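To keep things clear, I will list the structure first and then write my remarks on it.
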Amino acid sequence: MSEAPAAPRTASADPSAIHLLLRPPEPRAGWRLLPARVVAMCAVELQKLRHDRTELYTRAVQPALWLLIFGQTFTRMRAIPTGGIPYIDYLAPGIIAQSAMFIAIFYGIQIIWERDAGILNKLLVTPTPRSALTTGKAFAAGVKSLIQAVVVILIAALLGVSLTWNPLKLLGVGAIVILGSAFFSCLSMTIAGIVLSRDRLMGIGQAITMPLFFGSNALYPLSIMPGWLQAISRVNPLSYEVDALRGLLLGTHAHLALDFGVLAVAAALGITAASSLLGRLAR
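For what it's worth, the numbering used here labels the leading residue of the sequence shown as 1479, then goes sequentially.
This is how it looks when you write it as structure tokens:
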């Protein structure tokens, strides 16, 4: 009798596969998850804007009114010393910072909404560090504010404001807007972690936005403020954001290294504070 054909040999298992079966890969560290989380959150915000562009149009109304009415009126009055530049030019960087802050300062409402919808609890049980979640949301707010800043810059250009179009300076403008918005969004998330209510957060947000705006150098220079207001302006991160935007967009004298440093430290402290209170929202 003829012998039965021999069974084909099985291919030898891949040593690397056996190694993975015996010892699963270590989970990625938080610092490796952070960039991916930031990019994911920013992509989500851009998707929201793509599906609903009305937010861009409605939010552009207020800055346009500030530039059209307040800016042009005070330009004719010449009541505020601006160092020889038209007041509307002096005002434009302050309105860019203001519109970005108004977007970011209410970002905590979204966190409370995610808590009520059960989304926040699902995010917190993932291996992603809380600092990565907070950083992602903070810089997602920065992306939305950056889009708003572009809209305000275009409106200012149409009104004849003399702005720079140097690509490097415009990149600096983007970095400043994102850092400032990251801080104010973290401030909002920190308040949300304390009050735990959308209504209370709305009330506090409305109570602090105008003092932050008028207590900065967005509308008038530091030199004409009373002493107590100058002290407030010096600890107000919005003042450093406006100072950097004026230096980059108008070429006026600015302390760019100090401005970037203060905003970076403020954003880091804001992320730390918001991350520490993120778990309190999920209780």
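Glycine included, every Cβ here is placed at the ideal spot set by N, Cα and C. Predicted, not measured: the structure shown is a model, and the values here were computed from it.
By the Cβ test, the stretch 1591-1602 is not in contact with the stretch 1727-1741, since fewer than three Cβ pairs between them sit closer than 8 Å.
When the Cα atoms are used, A1627 and R1712 turn out to be separated by approximately 23 Å. In the structure shown, A1752 adopts helical secondary structure according to DSSP, grouped into three states.
Note on I1631: 16 or more other CB atoms within 10 angstroms of its CB, so buried under the neighbour-count rule. Take A1582, set aside five residues on each side of it, and the residues of its chain with a beta-carbon closer than 7 Å to its own are A1619, S1623, S1659, F1662, S1663 and S1666, in chain order. If the five residues before and after F1584 are omitted, its C-beta is found closer than 7 Å to the C-beta atoms of S1666 and G1683, all from its own chain and listed in chain order. Looking only at Q1708, P1513, F1552 and A1570, the smallest Cα-Cα distance to A1722 is reached by A1570. For Y1718, the enclosing alpha helix (DSSP H) starts and ends at P1715 to L1728. DSSP places Y1698 outside both helix and strand once states are collapsed to three, so it counts as coil.
Only residues of its own chain outside the window of five on either side were considered, and among them L1726 and L1727 have a CB closer than 8 Å to the CB of K1647, listed in chain order. Around the beta-carbon of V1522, fewer than 16 other beta-carbon atoms lie within 10 Å, marking it exposed. Annotation for N1644: no alpha helix (DSSP H) segment contains it, and DSSP assigns it neither H nor E. Inter-residue distance for I1710 and S1694 is about 8 Å (C-alpha atoms, whole angstroms).
Looking only at I1590, V1720, A1744 and I1573, the smallest Cα-Cα distance to L1543 is reached by I1573.
Short of 8 Å from the beta carbon of T1750, and not among the five residues preceding or following it, lie these beta carbons of its own chain, in chain order: S1609. DSSP, read as helix, strand or coil, puts I1633 in helix.
Remark: C-beta atoms of F1691 and Q1576 approach each other more closely than 7 Å.
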